[in-house]
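Protein chains in written order, with the numbering used here: chain A, 98 to 407; chain B, 98 to 407; chain C, 98 to 407; chain D, 98 to 407.
Yeah, the Cβ is synthetic: ideal placement off N, Cα and C, and Gly gets one too.
Every value quoted in this text rests on a predicted model; they were computed, and no experiment measured them.
Report on the following structure.
Dropping the structure here:
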């Protein structure tokens, strides 16, 4: 049995050295951070490993946009599976709007009167979404009607990414790096409803089976698969279930505040995923029960250190 | 200031009387159960109130199938917005398969070998999904190809419901009662992937904008809206966002174990929803932080009592 | 493998019948409610079973005072292990003060100015604690100084209980029924600090080892032990650890919102308790992850039904 | 309104720079880490600020022993308020026993047979506690019987600390640095029960009112108070309530996975504490909802950086 080694801290230590202390302690949350860091380092340093990153929760509004963008730019991520909302927020920031620092204890009736939408302690002007609608409309108009007859969301998001001139945009970077953005429930986002409005007068059809094609191509061509699941939701299920067609992923890390007890998929353990063939029986898995905005940057910063010093 | 009245229990009390004790106590979880019961009674007893019920989490596997079915049968629910998984489980039970009582502490490698999928402490045979695929295939074959060219998921689910001869089936009852089942992310379900496989050789296109049509018709025609949100996820967002087109719902009850702090929509407060125009500023809202399998049956049983004794 | 039986609800069903539906469903939270109900029925109906009830959290303020009192009155509980706060709130109510129904979204600076203390969405006047101090002082003065030289908290609480003329008081009922109230950390309560103030001028010494005597007598004389743990905290640990001296309890039910992952004792599983000899290896255990104010009254009401209909 | 600044990561960044990125993002969990870091830096750098550190949960077993010890050694902590268990684990490690890295999915019946106690995914040999009992017995024998007539737990723990020759021991360092260790519920720990056994034959009386004296001296002499609350429990309440005698603390940081909704004190917000006079109305407060083993080391490492670079 390995022993818990007590963490030792000092001024000016690097995040990599700090997380190594957690790794040596090896238990509870700190131990999970350590294990997840090792596993993601393994994913990123193995050129044969296809990496799926799934996003749910207010990650872009919370300040993780640049981190996700940089991981794509550095070619560490091969497929992004995401809620529509995170892409909407990426677009809105590309249009120059910024999320504001607010408070959980907001008076929401007042925010409503001031046209501010709240996400936890984050505020965003409703005006941003009006600008988005106009901008999207123009992009769609510029796409040949024939193409709009039957569109994969991934293709549409790639088209949108190509129109964005913002080096910190996830959509732009993914488009440039040929990283598909899979978002089968895009209709359930503000932009999705805007596309629906657009489609009332003009041609606009999304076919999410085409997105399954895009996703499955990545699954079938992968030699090894690593998945990083942030926050659960349908992106977790969609990416994991697609991988049942290759008998499961090899490495799985999930960061979430959800728990198994209520029975929902978001909080389901990665052990449970083995029973479904989503994770290989011989695969490695680590679940970090933590706010994604804390654990993910911490792990990524530590992984960058480890990659540099190898 | 109203005072906390201590709950008093006795043998053979009805669930309605029991929940009334909770209502009089009026605080913490018990108080929320009491308030939610009052609000849902108001929704169900007002003929002008359109009721949206949203489902996320393993509700059908957990034994809530009959309750949901009965609420539709009794015409208490006007629109169902759901994850695909719950409908898949409804189909599988209609085919005669049953969910089994297992344990959270399962050895998942063994379950995998025995072809059992695990959902928390619930087991289901993989065989059920093979049967489902064949059955779905036949249903699809029987639908004119023209229709399969561009299908709302709601229409497809209605077609499927019509083929089910099981009085306890949600799909069958909803089809019979003309209650639309809205499931824009149906592709992210086992059946969704099976439709995709079917579509490799044959014609099969789902257009989720058509589902928005179905949903928005209900939103626009509503005089008053009550929403019951079980477990969060995209069904919560989709149903609430659709209602921004009428400036928000009037009555909102959510039951979830998720919390606001991590920032995800599933745990977002209904106060926050006011800032987005999802809930009316003058609307009523109650959040019950509880396992849905405990709180929802409890509330429904109490509501049935209240409706009877009015 | 037993199958999940879908719950079926109807108007005017008793709580016992309702919980039986949950029991037959048998999974997730509902299944745990069912199992806990069976186990507590077993505890209460076996005259050879010594029942420990542990309290942590704002149970008295939340409206559970009468339920706990009635369980003692009905001789279902043999030992109460509790935080000091719950006894303070019992005293304060015996003095005629009542807890008020407030809101989580309170402006606490205003409450402070209005001399209201907040516990979640419960308010209580600070005036109540001033009255408590005077009342306690009188009670202490009436106790011979010799006795105050070295006092078990249990003895003191019994003395206090004897002075209370309120049939709904936990302290009064426990004193009358000879049920010891074990509260080794009573000093960590408002009354505890008041005793300390009293002790500045007068004789007042509590010796918590004397409380261990009281507790251990119950442990040693028990033929069989059942424990009901509400909310964790030191009462959970104290009662369970005492039972290691008889190699563990036979039946253990805990209701809590805490989880195992962060490593604290409050959220620790009852399986873990087996490794420490707190629960017998062959013992039965059920953990209900639920707000105590919801789950405990529900289970108790169902148990009362079951006991009646046996 | 300040804007969310997206975090930017790079290899070899220091923990201080990393947390500064979180601070600039400013929202959700990351923002709380940033704010808590600023507040604790303020506490540690102001010589007029008396710092209370409260411990609950398996912090010593989890690998935080050295961090807590170093903070005392660096004179950053003036009062420690703790559960007994953390001190028991400090003693056991001082005796040369180590905590082992295990798994949450342990077979607890087997652990029991192997004499291993489990705390989450941490294992400890029962043998350690037998050694502890003998060692404690000798220490007590060496203390004059007169003193054992009436002992503050703080005094006893200081005596014990003086007997420990381990530079990484919290007890030893606190004894050397004259930092009182307040533990009014010490009886609820393995060592507490061992003292009780000792007291069966020999003289051994603890009087926790004496601990209140020690605590209140610190409260009354403080010019300014900062409190760091790890994990809730009675240490949180005891330290905060003591500070009502000076109208509340000036700076309060709590790190916990507990939430306000169930009504327990552990999860209570620091806003609520204002209503009780535990936190000054004009005080500053930050709650970090996070596993303590992740958030506390992260914050401390960042604070050490900030203190160095000032």
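Query raised in the report: Apart from the five residues just before and just after residue 271(A), which ones in its own chain have a Cβ nearer than 7 Å to its Cβ?
Result: Mapped onto the first chain, residue 271(A) falls at position 174. Taken in chain order, the residues that qualify are 169, 177, 258 and 278.
Report task. Pull up the distance between the alpha-carbon of residue 174(D) and that of residue 363(D), whole angstroms please. Result -> Position 77 of the fourth chain, counted from the first residue, corresponds to residue 174(D). Position 266 of the fourth chain, counted from the first residue, corresponds to residue 363(D). Approximately 21 Å, taken between the alpha carbons.
**Report entry** Entirely enclosed alpha helix (DSSP H) segments - the region 142-218 of chain B, minimum 4 residues
**Finding:** 162-170, 181-191 and 205-210
Query raised in the report: Quick one: what's got a C-beta closer than 6 Å to residue 156(D)'s C-beta in the same chain, skipping five residues either side?
Result: The residue labelled residue 156(D) in the question sits at position 59 within the fourth chain. If we look at residue 156(D) and ignore the five residues flanking it on each side, its Cβ neighbours are 183.
Requested in this report: Counting only runs of 4+ residues fully inside the region 337-407 of chain A, write out the alpha helix (DSSP H) ranges in chain order.
Outcome: 367-372 and 389-406
Query raised in the report: Tell me which same chain residues have a C-beta within less than 6 Å of the C-beta of residue 196(B), skipping the five on either side of it?
Result: As a first step, residue 196(B) must be located in the second chain, where it is residue number 99. Within the same chain, residue 196(B) has close Cβ partners 158, 219 and 221.
Query raised in the report: Using the C-alpha atoms, what's the distance from residue 350(A) back to residue 382(A)?
Result: As a position in the first chain, residue 382(A) is number 285, starting the count at 1. As a position in the first chain, residue 350(A) is number 253, starting the count at 1. Between residue 382(A) and residue 350(A), the C-alpha separation is close to 6 Å.
Query - Three-state class that DSSP yields for residue 134(C) in the structure shown - result: Reading the third chain from its first residue, position 37 is the one you call residue 134(C). Of the three classes helix, strand and coil, the one that applies to residue 134(C) here is helix, per DSSP.
Query raised in the report: Does DSSP put residue 300(B) in a helix, in a strand, or in coil?
Result: For the purposes of this step, residue 300(B) is identified with residue 203 of the second chain, where counting begins at 1. In the structure shown, residue 300(B) sits in coil (DSSP, three-state: anything other than H, G, I, E or B).
**Report entry** DSSP state of residue 101(A) mapped onto helix, strand, coil
**Finding:** Within the first chain, residue 101(A) is the residue found at index 4, counting from 1. Correct three-state label for residue 101(A): coil.
Query raised in the report: Given that a residue counts as buried once 16 or more other Cβ atoms are within 10 Å of its Cβ, and exposed if not, what is residue 142(D)?
Result: Start at 1 with the first residue of the fourth chain, and residue 142(D) comes out as number 45. So residue 142(D) counts as exposed.
Requested in this report: State whether the region 282-298 of chain C contacts the region 304-317 of chain D, with contact taken as three or more CB pairs (one from each stretch) at a distance under 8 Å.
Outcome: yes
Query raised in the report: Hey, does residue 180(B) have any beta-carbon neighbour from chain C nearer than 8 Å?
Result: For the purposes of this step, residue 180(B) is taken as the residue at position 83 of the second chain. Not closer than 8 Å to any Cβ of chain C, the Cβ of residue 180(B) fails to qualify, so no.
Query raised in the report: On the three-state DSSP scale, how would you describe residue 287(B)?
Result: For the purposes of this step, residue 287(B) is taken as the residue at position 190 of the second chain. DSSP places residue 287(B) in helix when its eight states are reduced to three.
Report task. For the region 332-339 of chain B and the region 129-140 of chain B, state whether three or more C-beta atom pairs, one from each stretch, are separated by less than 8 Å. Result -> no
**Report entry** Listed by chain order, chain A residues near residue 368(B) by CB distance under 7 Å
**Finding:** Translated into the one-based positions of the second chain, residue 368(B) becomes position 271. Per Cβ cutoff of 7 Å: 205.
Query - Within chain G, the residues that residue 196(A) reaches when beta carbons sit closer than 9 Å - result: Reference to chain G is not applicable here, since the protein chains of this structure are A, B, C and D.
Query - First through last residue of the beta strand (DSSP E) which encompasses residue 321(D) - result: Numbered from 1 along the fourth chain, position 224 holds the residue referred to as residue 321(D). Where residue 321(D) is concerned, the enclosing beta strand (DSSP E) stretches over 321-327.
Requested in this report: Spell out a yes or no on whether the region 384-392 of chain A and the region 343-358 of chain A are touching, meaning 3 or more CB-CB pairs, one atom from each, closer than 8 Å.
Outcome: yes
Requested in this report: Select from 273(D), 200(D), 302(D) and 229(D) the residue whose C-alpha is nearest the C-alpha of residue 166(D).
Outcome: Start at 1 with the first residue of the fourth chain, and residue 166(D) comes out as number 69. Out of 273(D), 200(D), 302(D) and 229(D), 273(D) has the C-alpha closest to the C-alpha of residue 166(D).
Query - Neighbour list for residue 158(B) in chain D, Cβ cutoff strictly below 8 Å - result: Translated into the one-based positions of the second chain, residue 158(B) becomes position 61. Within 8 Å Cβ-Cβ: nothing; residue 158(B) doesn't reach chain D, min ~23 Å.
Requested in this report: If I'm right that residue 145(B) touches residue 321(B) with Cβ under 8 Å, what's the distance once you round it to whole angstroms?
Outcome: As a working mapping, residue 145(B) is identified with position 48 in the second chain. As a working mapping, residue 321(B) is identified with position 224 in the second chain. Right, their Cβ atoms sit about 5 Å apart.
Query raised in the report: In chain B, what lies closer than 7 Å to residue 153(A) by C-beta?
Result: Along the first chain, one-based indexing puts residue 153(A) at 56. What residue 153(A) touches in chain B: 361.
Query raised in the report: Using 8 Å as the limit for Cβ to Cβ distance, is residue 234(D) near chain C?
Result: On the fourth chain, residue 234(D) is found 137 positions in, with the first residue counted as 1. Chain C, which has no Cβ nearer than 8 Å to the Cβ of residue 234(D), makes this no.
Query raised in the report: residue 342(C) and residue 316(C) look like a contact to me (Cβ under 8 Å); what is the Cβ gap, rounded to whole Å?
Result: Within the third chain, numbered from 1, the residue matching residue 342(C) stands at position 245. Within the third chain, numbered from 1, the residue matching residue 316(C) stands at position 219. Right, the Cβ-Cβ distance comes to about 6 Å (below 8 Å), so this counts as a contact.
Query raised in the report: Apart from the five residues on each side of it in sequence, which residues of its chain come closer than 7 Å, Cβ to Cβ, to residue 318(B)?
Result: Taking the second chain and counting its residues from 1, the one referred to as residue 318(B) is at position 221. Within the same chain, residue 318(B) has no close Cβ partners at all.
Query - residue 405(C) to residue 108(B) span [Cα, whole Å] - result: For this step, residue 405(C) is matched to residue 308 along the third chain. For this step, residue 108(B) is matched to residue 11 along the second chain. About 7 Å.
Requested in this report: With DSSP collapsed to three states, give me the class of residue 261(D).
Outcome: Here the question's residue 261(D) lines up with position 164 in the fourth chain. DSSP places residue 261(D) in coil when its eight states are reduced to three.
Query - Euclidean distance between Cα positions of residue 378(D) and residue 206(C) - result: If you number the fourth chain from 1, residue 378(D) lands on position 281. If you number the third chain from 1, residue 206(C) lands on position 109. Approximately 6 Å between the Cα atoms of the pair.
Query raised in the report: Among residues of its own chain, excluding the 5 on either side of residue 392(C), which ones have a beta-carbon nearer than 6 Å to its beta-carbon?
Result: Position 295 of the third chain, counted from the start, is the residue given in the question as residue 392(C). So the list reads 352 and 385, once near-sequence residues are dropped.
Query raised in the report: Using a Cβ cut-off of 7 Å, which residues of the region 310-344 of chain D contact any Cβ in chain C, in chain order?
Result: 328, 330, 331, 334, 335 and 338
Report task. Please list the partners that residue 290(B) has in chain A, where partner means a Cβ-to-Cβ separation under 8 Å. Result -> Taking the second chain and counting its residues from 1, the one referred to as residue 290(B) is at position 193. Those within 8 Å of residue 290(B) in chain A are 309, 338 and 339.
Report task. Note down, in chain order, every chain A residue with its Cβ under 7 Å from the Cβ of residue 163(D). Result -> As a first step, residue 163(D) is located in the fourth chain; it is residue number 66 there, counting from the start. Those within 7 Å of residue 163(D) in chain A are 103, 104 and 105.
Report task. Check whether the Cβ of residue 402(B) lies closer than 8 Å to any Cβ atom in chain C. Result -> Taking the first residue of the second chain as position 1, residue 402(B) is located at position 305. Yes, residue 402(B) counts as interfacial toward chain C.
**Report entry** Given 8 Å, three or more beta-carbon pairs between the region 396-405 of chain B and the region 185-193 of chain A
**Finding:** no
Query raised in the report: Going by C-alpha distance, which of 137(A), 172(A) and 124(A) is nearest residue 160(D)?
Result: Residue 160(D) sits at position 63 when you count from the first residue of the fourth chain. Of the listed residues, the one whose Cα sits closest to residue 160(D) is 124(A).
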